[in-house]
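So the sequence shown is numbered by the working numbering: it starts at 1396 and just counts up by one.
C-beta atoms are modelled at their ideal positions from N, C-alpha and C, and glycine is treated no differently.
In this text, all values refer to a predicted model and were calculated from it rather than measured experimentally.
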Amino acid sequence: MTTAMSYTERALFLAAVKDLGEGDEIMAATYDLFVDMAASTPAPWADTDPHAAELYLVSRGTDPAVAAAGAAEFEVNFRAIVAMGTGEPVHDFRQIADWIAEHVDARQ
């Protein structure tokens, strides 16, 4: 029986093989690792501002029902994206909003 690798083992493996990948497969595996880590831990603002992602999506014009349905997935994915982009874990939802403003909105 094979045991699952820990986050640290996965990260060390990806670092070791980063130059051996084809196309974007190492980046995709790294992103999957970050998403898994984000999904396995509550956001630091989960208790103080549990609807931050939903409210943010609505403020950007998303239908409230759609925002409610997709907020958790949005939050987990952007916690991963921002952590990868900055090299630091996300401690406040504002970091996600600021990252989107700088790296998405500013380029449109």
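In this structure, Y1451 sits away from A1478, with a CB-CB distance that is not shorter than 7 Å.
Distance from the CA of F1408 to the CA of E1468, rounded to the nearest whole angstrom, comes to 26 Å. If you check the CB distance, P1445 and H1486 do not come in under 7 Å. In this chain, the alpha helix (DSSP H) harbouring W1494 covers F1488 to H1498. For D1414, there is no enclosing alpha helix (DSSP H), as DSSP gives it neither H nor E. With a cut-off of 8 Å on Cβ pairs, the region 1411-1419 is not in contact with the region 1460-1475, counting fewer than three such pairs.
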